[in-house]
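In this note's numbering, the protein residues as written are 30 to 363. All C-beta atoms in this analysis are idealised placements derived from N, C-alpha and C, irrespective of residue type, glycine included.
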């Protein structure tokens with residue numbers, strides 16, 4: 030598909046196709062072209078992303094994927110009733126730095142310098158509403174299930190576990206609300222370019238590429254917390270050193286404020302792993318995926334004491350100035 034589109038709409042002839050992450054892609058003359066389906070994106074959102082790309086490349090970030098203009102001068106093309114953008118990367122190397130935290134700190138620093146209002150992809154100040162909505166929906170579903178016979182092992186586990194995770198989610202929401210009431214944001218707490226979900230593989234795939242279709246505009250704590258969550262679940266016994274180094278490297282660019290620390294913590298506290306596992310199980314039609322998710326849920330439930338320990342030691346592990354800046358801790362964890 031991408032070869033055909035590149036030739037007919039962009040006048041570029043290529044021979045080899047490949048997969049790059051979730052997308053169709055191809056290489057030619059040391060350049061990477063990636064085909065992004067954008068049927069679910071409004072024109073305003075794509076134009077906003079283009080402005081952010083221009084902002085980041087003007088500040089010298091040459092890893093950011095650029096929008097390729099078609100022969101007609103469009104950045105969005107319709108082909109057989111579907112809309113696409115082609116993204117171009119001209120610097121193709123892997124990620125070689127041992128300081129991912131520092132790289133992320135620099136990325137956020139540049140993202141904070143945006144001079145225009147970002148609306149379409151902004152999630153600033155929206156965490157509370159989004160979390161409440163997901164937990165309320167799940168509680169309604171749980172109530173329905175309570176009046177039915179469990180049909181599977183997963184049903185039984187979900188029915189037993191939900192009240193515990195709902196309690197933790199309510200704690201996370203309360204911690205977030207208290208932070209916004211008690212603490213004054215610092216300059217580092219202004220919005221920046223973040224990722225929908227920042228993980229180890231976001232920049233460390235085959236090529237070190239920053240895809241704007243991964244981006245949202247949010248508080249930097251989003252990326253810090255999501256990377257930390259993934260690293261913790263990757264191996265719940267060996268995360269300490271990596272997590273400490275990640276935050277130390279990040280703060281060599283931008284020290285976190287008490288407000289930032291509390292937002293990171295609120296986000297780590299919210300049991301996203303459990304919520305997603307349940308949502309994915311009940312929306313999946315694949316038997317294999319359901320088996321996998323059932324095993325995943327069992328693992329989470331067996332690790333719940335470990336997870337509490339992780340939350341208990343987090344501030345200490347990353348050397349957050351808890352006493353000095355009066356960052357509140359959660360008494361039920363101690």
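Can you give me the Cβ contacts of residue 188 inside the same chain, cut-off strictly under 8 Å, excluding the 5 residues immediately before and after it?
171, 174, 175, 179
7 Å CB neighbourhood of residue 337 in its chain, flanking five on each side removed
362
Who are the Cβ neighbours of residue 79 in its own chain at under 7 Å, not counting the five residues just before and after it?
96, 104
Per-residue DSSP class, three states only, for residue 67:
coil
Whose C-beta lies closer than 7 Å to the C-beta of residue 272 among residues of the same chain, with five residues either side of it excluded?
257, 260, 346, 347
Give the single residue among 358, 314, 250, 263 whose Cα lies nearest to the Cα of residue 230.
263
Length of the line joining the Cα atoms of residue 87 and residue 222
15 Å
Using DSSP bridges, identify the partner residues of residue 113.
66, 106
Same chain, Cβ closer than 8 Å to residue 303, neighbours up to 5 away in sequence not counted:
190, 194, 326, 329
Could you pull out every unbroken beta strand (DSSP E) segment of at least 3 residues lying fully inside the stretch 116 to 183, listed in chain order?
none
Going by beta carbon distance, what residues of the same chain come within less than 8 Å of residue 161, once the five residues before and after it are set aside?
202
Taking the alpha-carbon positions, what's the residue 234 to residue 76 distance?
26 Å
Whose C-alpha, out of 81, 344, 118, 356, is nearest the C-alpha of residue 136?
81
Which residues in the same chain have their Cβ closer than 8 Å to the Cβ of residue 219, if we skip the five residues on either side of it in sequence?
141
Along the chain, where does the beta strand (DSSP E) that runs through residue 54 open and close?
52 to 57
Residue 362 (DSSP reduced to helix, strand or coil):
helix
Can you say whether residue 296 is buried or exposed, counting buried as having 16 or more other CB atoms within 10 angstroms of its CB?
buried
Could you give the DSSP three-state label for residue 223: helix, strand or coil?
strand
Cross-strand partners of residue 61 (DSSP beta bridge):
56, 118
Looking at the structure shown, is residue 260 part of a helix, part of a strand, or coil, going by DSSP?
helix
Are the CB atoms of residue 146 and residue 279 within a distance shorter than 8 Å?
no
Per-residue DSSP class, three states only, for residue 328
helix
Which residues in the same chain as residue 253 place their Cβ atom closer than 6 Å to its Cβ, once the five residues preceding and following it in sequence are excluded?
293
Residue 92 (DSSP reduced to helix, strand or coil)
coil
Might you give, ordered along the chain, the residues of its own chain that have their beta carbon closer than 8 Å to the beta carbon of residue 59, omitting 5 neighbours on each side?
119, 121
Where does residue 233 fall in DSSP's three states?
coil
Straight-line gap, residue 324 to residue 34 (C-alpha atoms, nearest Å)
42 Å
Report yes if the C-beta distance between residue 356 and residue 291 is below 8 Å; otherwise report no.
yes
Residue 272 lies in the beta strand (DSSP E); which residues open and close that run?
Unbroken run through residue 272 is the alpha helix (DSSP H), 268 to 280; no beta strand (DSSP E).
Using CA atoms only, rank isn't needed, just tell me which of 150, 205, 283, 358 is closest to residue 72.
150
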